[in-house]
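Residue numbers (our numbering), protein chains in the order written: chain A, 62 to 208; chain B, 141 to 576.
The next block holds one structure in the form of structure tokens; read it before the comments.
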Amino acid sequence: MGAPYVVEFEIAKDDFLAAGEGSGSVKDTLKMLGIPSAVIRRAAIITYEAEMNLVIHGGGGVLKILISPEKVEIVARDDGPGIPDVELAMREGFSTAPDRIREMGFGAGMGLPNIKRNADSLEIESAVGVGTTLTASIDLSGEGGPA
Amino acid sequence: MGVKVFDVACRGCVNCIRSCPTEAIRVIDGMVKIIPELCIDCGECIRSCGNKALGLDEDDWRLLQSHGASVISADPTFYVQFSHYWRPALVVEALASWNILDLHDWVSRAFDVAAYAIARVIEGSTEDERPLISTYCPSVVRLIQTRFPELLGRLVPVESPLEAGVALWRKETGRTDPVTLLSPCPAKITMVRNPEGRESSNIDHVVSVKSVARDLLAGGPRVRGELEPMANTRWIRWAVRGGESRHIKAFSSKEITTVTVSGLRNTLDLLRDLELGRLHGVDFVECRVCDLGCIGGIGNAESRFLGQLRTEKFKVNWDPSEEERAVIVDLYEEGVWRLPLPLTTRPGRPLADNLNEAMERLKKMKEVYADLPHIDCGACGRPSCKAMAEDVVRGLGETTDCIFKLRERISTLAAEIIDLSRLQPQTLRGRGKLRS
């Protein structure tokens, strides 16, 4: 029914401390809609991981959350370096994060796998040198799904 | 709720609404209203009220006493309220001179068992499950249920020892007479009246530490110091931040890393960090919403600084004897420490019962909000422009409750009136100037 409700954030490059703003706002919004807390938890995890990816790899970007009665869709778009091998990037523990980021406790190669685990569907479109668009969604019609 | 509004004293000043961490307060028709689903009983609003319009929703101690109430279970903070009863045993003796039985013998054991149980829960947990969070502060539990539901699984399922101690006494003595809890805060009042994690409390009445301390301070009881010093004072340390963690460490077989914080702002920041997974390597988190720990609770009589000083002065033997240990292990095996029911999220307040309607309202709310001044002045009786927008779409307010929106309308109206005043009746047109 009608256009989805949209929340949008600009995510700055390397701004580790601001990451979490998006997931916080997603939580608050979904709570107002009366979405079950298990679903809110999954949406918050996906949003947070997507935010971190924009911060670490994407050189910043735009995070968009589209909420409709059928699904919650999280779209993260950046004009960063792109992912040469998406399948490899999905593997647990695989990471291209530089040492300085690992030293801060990030970049453990769990981001994308974590998003996949919590999403009902996940699509990654990426072109090297152009950028990446990640679209993850959670079904709202069912019971709340896996994870 | 452990907080009560005294309507006659409320001047509708909106001081309290900004102090509330969950935005649970509104001033409607010049009177404070608390939204019970959002209240976590932290007591911040009571602290902020200069008119004594907010207070503890406690039972009347003198009335209870006149009806023969004679058994109490006291929060650890109670024993550090007095400068002239400078040891816990003197406080117990003062109470005894009024024929009041203090259950400290049982309660102190329950604290030992709780600390022992938490140490076992930590040791039995996986790295992913840690850090675990203390369940001792009922406000922290409610805060997590309300604002951080994803952290619920980290709360240790251990009963408040204040509760377990009374159960232990009833079990060992078979006594059924009513017990009164002396509480340092609104949260522990709610723990008795409307507990989380159990159907109902073993405790029957609850009054503030302050109300009983006041009577003891007023004098009366003759204390000769005849009682032996309290053998086990480990539990009294729970009155200040870090006491619980120290107690748990006494029963841990390996070193554990704990973070202890007190005060609402610190608690909120810590839970946010935890939510974002920033506390790797920490095993246990002890949060108290009151400054310095329970000693900072609004229901105490003594200055929290002196209370802390006194608590830390008591000699504490952190190493229980073999006999004590055997008793603790037995009680642990019996499971008296376990919270009977799982802790669940609190039902939220969705904008509407069905999703479509809620989404419509959310869109409307965004529009209303965009049109508000975003300075969160509180003059409308809501803690923020966002809360105002929310109330409007819920049908609980008008945008003209906003003083700026009201002025805008007045100025539009005034402009219209000026325009109108310039229009001449057609009968006068062509006559030039109106004669004065």
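Ideal placement from N, C-alpha and C gives every residue a C-beta, glycine not left out.
- Taking every protein chain shown into account, the CB of residue 326(B) has 16 or more other CB atoms within 10 angstroms, so this residue is buried.
- Put simply, the backbone Cα of residue 69(A) is about 43 Å away from that of residue 300(B).
- Two segments are said to touch when three or more pairs of C-beta atoms, one from each, lie closer than 8 Å; by this definition the segment 365 to 384 of chain B touches the segment 209 to 224 of chain B.
- Around residue 351(B), the same chain offers 201 as residues with beta carbons nearer than 6 Å, after the five sequence neighbours per side are excluded.
- Note: residue 126(A) is bridge-paired with 68(A) and 135(A) in the DSSP secondary-structure output.
- Taken in chain order, the whole beta strand (DSSP E) runs of length 3 or more contained in the segment 172 to 205 of chain A are 182 to 188 and 192 to 200.
- Considered as a whole, the segment 421 to 459 of chain B harbours 444 to 453 as its complete alpha helix (DSSP H) runs of no fewer than 4 residues, in chain order.
- Under the DSSP assignment, residue 552(B) falls in the alpha helix (DSSP H) whose first and last residues are 543 to 562.
- Note that the segment 200 to 216 of chain B touches the segment 316 to 323 of chain B; at least 3 beta-carbon pairs, one per stretch, sit closer than 8 Å.
- For the segment 498 to 516 of chain B, the residues whose beta carbon sits under 9 Å from a beta carbon of chain A are, in order, 498, 499, 500, 501, 502, 503, 505 and 506.
- Under the Cβ criterion of 8 Å, residue 490(B) is counted among the residues facing chain A.
- The beta carbon of residue 411(B) lies closer than 6 Å to those of 288 in the same chain, with the five residues before and after it left out.
- Residue 329(B) counts as buried, since at least 16 other C-beta atoms from the protein chains shown sit within 10 angstroms of its C-beta.
- The beta-carbon of residue 407(B) is placed no less than 8 Å from the nearest beta-carbon of chain A.
- The beta carbon of residue 73(A) does not come within 8 Å of any beta carbon belonging to chain B, so the residue lies off that interface.
- Contacts with chain B at 8 Å (Cβ-Cβ) do not include residue 198(A).
- Taking a Cβ-Cβ cut-off of 7 Å, the neighbours of residue 81(A) in chain B comprise 416, given in sequence order.
- Residues of chain B whose Cβ lies closer than 8 Å to the Cβ of residue 171(A) do not exist; the shortest such Cβ separation is about 10 Å.
- Excluding residues up to 5 positions away in sequence, 303, 306, 307, 310 and 319 lie with their Cβ nearer than 8 Å to the Cβ of residue 342(B) in the same chain.
- When Cβ-Cβ separations below 8 Å define contact, residue 94(A) makes contact with chain B.
- Between residue 297(B) and residue 414(B), the C-beta gap is not smaller than 8 Å, which leaves the two residues out of contact.
- Within the segment 276 to 306 of chain B, the residues whose Cβ lies closer than 8 Å to any Cβ of chain A are, in chain order, 289 and 290.
- Within a 10 Å sphere around the beta-carbon of residue 407(B) sit 16 or more other beta-carbons, which makes this residue buried.
- Rounded to the nearest angstrom, the Cβ distance from residue 529(B) to residue 505(B) is 5 Å, consistent with a contact under 8 Å.
- With a threshold of 16 other beta carbon atoms within 10 Å, residue 538(B) falls short and is exposed.
- With respect to the 8 Å criterion, residue 423(B) and residue 397(B) are classified as neighbours on the basis of their beta carbons.
- In this structure, the straight-line span from the alpha carbon of residue 199(B) to that of residue 144(B) is close to 12 Å.
- Setting aside the 5 residues that flank it on each side, residue 248(B) is surrounded in the same chain by 372 and 375, each with a C-beta closer than 7 Å to its C-beta; the list follows chain order.
- Remark: C-beta atoms of residue 106(A) and residue 175(A) approach each other more closely than 8 Å.
- Taking 8 Å as the cut-off, the Cβ atoms of residue 168(A) and residue 155(A) do not count as close.
- Proximity of chain A to residue 485(B) at the Cβ level (cut-off 7 Å) is accounted for by 98, in chain order.
- Distance between residue 93(A) and residue 488(B), taken at the CA atoms: about 8 Å.
- Of all residues in the segment 364 to 382 of chain B, none places a beta-carbon less than 8 Å from a beta-carbon of chain A.
- For the options 148(B), 178(B), 312(B) and 477(B), the alpha carbon positioned closest to that of residue 243(B) is the one of 312(B).
- For residue 385(B), the enclosing alpha helix (DSSP H) starts and ends at 383 to 390.
- Rounded to the nearest whole angstrom, the CA to CA distance from residue 177(B) to residue 365(B) is 47 Å.
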